[in-house]
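Below is one structure, written out as structure tokens, with a few remarks after it.
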Amino acid sequence: MRNPAGKTILYIAVSVGALVMIFPFIWTVVTSISPGASLTTTPELIPDNPSLAPYAELFQRVPFGQVIVNSLVIAVVSTVFQLITSSMAAYVFARMPFRGRGAIFLLYLATMMIPFQVLIVPLFVEMKSLGLINTYAGAILPTIASAFGVFLLRQAIGTVPYELDQAATLDGAGHFRVFFQIVLPLVRPALATLAVFGFLNTWNSFLWPLIILRDPLMQTLPVALASLQGQYSTQWDVLMAGSVISILPMFALYVFAQKYIVQGVAGTGLK
Amino acid sequence: MAIANVRPDLASPDRRSPRGGARPRQNRRRWAYAGTVAIFLLPSLIPLLAFVIGPMISAAWTSLHEWNLIGDMKWVGFDNYAHLLSDPGTQQAFLHTVYYIVGYLPLVYVGGLSLALALNSKLKGRALLRGVYFLPVVTSWVVVALVWRWLLNPSVGVVNYVLGLVGIDGPGWWTDPAWSMPSIILASAWKDLGFVMVILLAGLQTINQDLYEAAEIDGAGWWRRLFSITMPMLSPSTFFVIVLSLINGFQVFDQVYVMTGGGPNNSSQVVVQQVYDLTFRYGQAGMASALSWLLFLVILVVTLVQFYGQKKWVNYA
Amino acid sequence: MKKSLVALVALAAVAAVGLAGCSSSGGSAGGKTTVTYSNFISNGGNEKNLQAIVDAFEKANPDIAVKVTTTDYANYFTKLQTDLSAGTQSDVFDVDAGSYATYAADGVLAPLDGVDASTYRTSVLDTYKTDGKQYGLPTSFSNVVLFYNKELFDKAGVAYPTKDWTWADEKAAAEKLTDKAAGVWGDYQPISYNEYYKAVQQAGGAFLSEDGKKAAFDDKAGTAAADWIAGKSGTVMPTAADGAGTADFDTNLFKDGKLAMWHTGIWMFSTLGDLPFGWDVQVEPGDTQKASATFSNAVVISKDAKDKAAAQKWADYLTSSKEMVDVRLKAGWELPAISDDSLLKPYLTAGAPANRQAVFDSLENVAVAPQLGANSQKIQDDVTNALGEIAAGRQKTADAIPSAADQVTALLK
Chain A
64 MRNPAGKTIL YIAVSVGALV MIFPFIWTVV TSISPGASLT TTPELIPDNP
114 SLAPYAELFQ RVPFGQVIVN SLVIAVVSTV FQLITSSMAA YVFARMPFRG
164 RGAIFLLYLA TMMIPFQVLI VPLFVEMKSL GLINTYAGAI LPTIASAFGV
214 FLLRQAIGTV PYELDQAATL DGAGHFRVFF QIVLPLVRPA LATLAVFGFL
264 NTWNSFLWPL IILRDPLMQT LPVALASLQG QYSTQWDVLM AGSVISILPM
314 FALYVFAQKY IVQGVAGTGL K
Chain B
5 MAIANVRPDL ASPDRRSPRG GARPRQNRRR WAYAGTVAIF LLPSLIPLLA
55 FVIGPMISAA WTSLHEWNLI GDMKWVGFDN YAHLLSDPGT QQAFLHTVYY
105 IVGYLPLVYV GGLSLALALN SKLKGRALLR GVYFLPVVTS WVVVALVWRW
155 LLNPSVGVVN YVLGLVGIDG PGWWTDPAWS MPSIILASAW KDLGFVMVIL
205 LAGLQTINQD LYEAAEIDGA GWWRRLFSIT MPMLSPSTFF VIVLSLINGF
255 QVFDQVYVMT GGGPNNSSQV VVQQVYDLTF RYGQAGMASA LSWLLFLVIL
305 VVTLVQFYGQ KKWVNYA
Chain C
542 MKKSLVALVA LAAVAAVGLA GCSSSGGSAG GKTTVTYSNF ISNGGNEKNL
592 QAIVDAFEKA NPDIAVKVTT TDYANYFTKL QTDLSAGTQS DVFDVDAGSY
642 ATYAADGVLA PLDGVDASTY RTSVLDTYKT DGKQYGLPTS FSNVVLFYNK
692 ELFDKAGVAY PTKDWTWADE KAAAEKLTDK AAGVWGDYQP ISYNEYYKAV
742 QQAGGAFLSE DGKKAAFDDK AGTAAADWIA GKSGTVMPTA ADGAGTADFD
792 TNLFKDGKLA MWHTGIWMFS TLGDLPFGWD VQVEPGDTQK ASATFSNAVV
842 ISKDAKDKAA AQKWADYLTS SKEMVDVRLK AGWELPAISD DSLLKPYLTA
892 GAPANRQAVF DSLENVAVAP QLGANSQKIQ DDVTNALGEI AAGRQKTADA
942 IPSAADQVTA LLK
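Chains as they are written, first to last, in our numbering: chain A, 64 to 334; chain B, 5 to 321; chain C, 542 to 954.
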């Protein structure tokens, strides 16, 4: 953009927007260091007597170290599997035609079209017969395949110019080599995006871990935080402390993934 | 596909052979191809079949019964479906859901696109800004809902205060049946802006910069470049955002549950809220399953229409 | 790129294999019986107190181990229903008065033998009796009383509420105490089904007919009750638009010293604690008669429990042992539903409020909780909805109440 005035206006607009975006997070952080604060009154952006007491109480009330380990293990393993299974399936849907391929892709999409609330009970019964109740595997298995990931990567692979595949096959490459050496490196932004959102979904997942993990030491973060909400009242300061801690790894992952999502456009291989 | 011209052994074999009779090499290639497809597909297909499709079929079976989750299931055939189709409460829930989508989708797409474009250009501190805009996406709905209820508070909220400065009498927002859904729409679009931004940013990265240089040389202005190059090249990502937003929009639940619980006076009741209530609060799992399958059919049709239509506007490489 | 990918796949495979075996061990350990117990009553601050009771029980019964699972109230029943569906429910589990009927009707509870009825408060114990058989033992009870801010009363020169107050007295005081300009409100009462069925009885009517098959609040008493509850909004208490009805709104209002009178439960005693202004409680006023809403929680035993005798031993201990009473009273953790008032004496002098006797006085006139059947939740939602519409001025009482009554009658099975 060579118009300086336009650039300034853009800058202002984007910054104001950013303030609006960051406001609830600031409120969360401030509440988490204000003992006795409540989220239901007018927010005070400057804490009266800031203290880390809510965090101390959080660690006392909830076996926090163990809970974070549980959440991390489940989210990381799930995300890794999603990356692998989704990219492989996406390759087929973008590059390997066969009769009925469209129908199977639709089947994948269909798995996103039914509300999870109605699948919980049959899925739970299934897990019971597999003996996977209260296990990491039970929490992870339903998440290792992601139709969202397949869809996202199919679109991404679709943008990779076909000539690149052809050039590789002319050199004698089979599908596996084309997939690993040509296609995958070129869809790194999409892979990084899937990593972020796959992790986000599993990290914040509530209903399934609530049902499948029974032992307090197996609980994940969102479930442990829900236990801070009493029948009649909620300790907002402690809950917000938990929310802040919950947001941090997510945010760290996002910042780390930014490098890949926004890689420099140093050509697309045609040069 | 073009590949058949270059490497016939990598293509799905042509069933017609010039001479009749067995062609063992052809068959072997056919099996090798099928095997490769299987290896690529099965790691995701098997879990999806086992953990989603299986339960879906089970839910379909349940939808033909009356069941409170505990006792025996009582066969009722299609009664549940008949009841739902004629129930005004269900029709209202579908209408509200569509209302949500119609309001939410344009807002979140245009907003997300603007952000992606702005933060893709060489703006100082754009990495930080990208992070900030993503924060609402990772924040839980419990916090976001409370923030927006406070912002939209009819008497002490910031929004009505600002409106008052310009002489507009702000509405009752989430306490007013006419404004409850718009309140949810606003909060949802705000929260998901970062998500759309990230998807579109990734898409923008894959656009070949040579195209822009060529266009500038030809004297195309900013607006023209947006509509002739950016939008068409971004169409796969746009398609993705729209299809996904529609699939998720029809199943909107978390924010409704936390912001208004479906009220006031059922004015923001959506389909999945009803599914949840029927399953876990009213003890009618059969009816809930039937409603889920009705919703599924609606989403399926809408998605199919989009997939058939994509040929008209989505450009793949 | 290839190397790192291979490493990634290997890592994932190893993790998967390792995790398949990762679980917490369950079942009984040599000679000992394990009784599983899932609860919501200890969630939100009393987990350690429950553990103290468990420890004491295990000490007295060395051959029984109790395994506790705790869930927050809001999600407890989702988990319970899923468990019952798959057959993975605990041996002993919590229910509350509202949900008990559903589970008893579903036939998932084991009848309890040899229960000494004299140990418990009759009215609370009977809540968990069906067809002459006892299915549940009450763990605690609570009721709703009138809280009041002494300082605000002093400032306005109004006499404190007494046991003999009626609606008229309450209304007069509330109007005098409300000062909108200063942001002070006279009287907060939640606009919900739970307040309504009790108010109908306070006005001399009944929510359901004698046989329980029809709604009976479409009459003078029911209308008066609706006006009483919905009429407060905007006059002596904030409106829904102001935030009334949202989580903790009323608690914060009272704690900030901006609310003179407040209808809420005795569970608030420990949350409020000592406040800068003096506060106390009184029995809720009635109109033609008094009727106080009483709630309770109970434990039941699953029909599929392996060792029912051991399970009942635990249930007994949790609901009537002296150790349990001591723990509860010391921690201020709700009132056990035992009949021996002498054991509960420490409760009366356990700190603010001073007039804790009101809790027991309220038990003299208990509001009968209507049996709503399988559609209980829907009926409650519909009534709360109707009251909300009246309070917001979108519907007139004369229209909303008959319409709600019709809805309720249709939902009664």
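Idealized CB from N, CA, C, for every residue including glycine.
C-beta neighbour in chain B for residue i, strict 9 Å
i                      : result
residue 70 of chain A  : yes
residue 869 of chain C : no
residue 942 of chain C : no
residue 950 of chain C : no
residue 720 of chain C : no
residue 134 of chain A : no
For residue i, the three-state DSSP class (helix, strand or coil)
i                      : result
residue 221 of chain B : helix
residue 879 of chain C : strand
residue 306 of chain B : helix
residue 816 of chain C : coil
residue 937 of chain C : coil
residue 565 of chain C : Any answer about residue 565 of chain C is weak, because its pLDDT of 39 lies below 50 and its placement is not dependable; what the coordinates show is given next. Reduced to three states, the DSSP call for residue 565 of chain C is coil.
residue 596 of chain C : helix
residue 273 of chain B : coil
residue 245 of chain B : helix
residue 827 of chain C : strand
residue 955 of chain C : Look at the range of chain C in this structure, 542 to 954, and you will see that residue 955 of chain C is not part of it.
residue 947 of chain C : helix
residue 316 of chain B : helix
residue 89 of chain B  : helix
residue 580 of chain C : strand
residue 704 of chain C : coil
residue 650 of chain C : strand
The beta strand (DSSP E) enclosing residue i, as first and last residue numbers
i                      : result
residue 679 of chain C : 677-690
residue 806 of chain C : 800-806
residue 636 of chain C : 633-637
residue 71 of chain A  : No beta strand (DSSP E) holds residue 71 of chain A; the alpha helix (DSSP H) holding it covers 67-95.
Minimum Cβ-Cβ distance from residue i to chain C less than 9 Å
i                      : result
residue 124 of chain A : yes
residue 266 of chain A : no
residue 119 of chain A : no
residue 290 of chain A : yes
residue 297 of chain A : yes
residue 191 of chain A : yes
residue 177 of chain A : no
Segment limits, alpha helix (DSSP H) that includes residue i
i                      : result
residue 793 of chain C : 790-796
residue 228 of chain A : 225-233
residue 868 of chain C : 863-872
Residue from the options whose Cα sits closest to the Cα of residue i
i                      : options                    : result
residue 182 of chain B : C:948, C:761, C:935, C:682 : C:935
residue 796 of chain C : C:765, C:709, C:690        : C:690
residue 249 of chain A : A:227, A:319, A:270, A:261 : A:227
residue 180 of chain A : B:50, B:47, B:299, B:215   : B:299
residue 629 of chain C : A:283, A:303, A:196        : A:196
residue 92 of chain B  : B:297, B:305, B:314, B:274 : B:274
residue 56 of chain B  : A:120, A:171, A:83, A:280  : A:171
Min CB distance residue i to chain A below 9 Å
i                      : result
residue 585 of chain C : yes
residue 227 of chain B : no
residue 337 of chain B : Any answer about residue 337 of chain B is impossible in this case: the structure gives chain B only from 5 up to 321.
residue 218 of chain B : no
residue 210 of chain B : yes
Requested in this report: Could you list the residues in the stretch 79-96 of chain A with a C-beta less than 8 Å from some C-beta on chain B, going in chain order?
Outcome: 80, 81, 83, 84, 85, 86, 87, 88, 90, 91
Report task. Scan the stretch 158-178 of chain B for residues whose Cβ lies nearer than 7 Å to a Cβ of chain C and list them as they occur along the chain. Result -> 158, 159, 176
Query raised in the report: Going along the chain, which residues of the stretch 138-163 of chain A sit with their C-beta nearer than 9 Å to a C-beta in chain C?
Result: 139, 140, 143, 144, 146, 147
Query raised in the report: Taking Cβ-Cβ distances below 7 Å as the criterion, which residues of the stretch 109-137 of chain B are in contact with chain A?
Result: 122, 125, 127, 131, 133, 134, 135, 136, 137
Requested in this report: Scan the stretch 623-636 of chain C for residues whose Cβ lies nearer than 7 Å to a Cβ of chain A and list them as they occur along the chain.
Outcome: 623, 626, 627, 629
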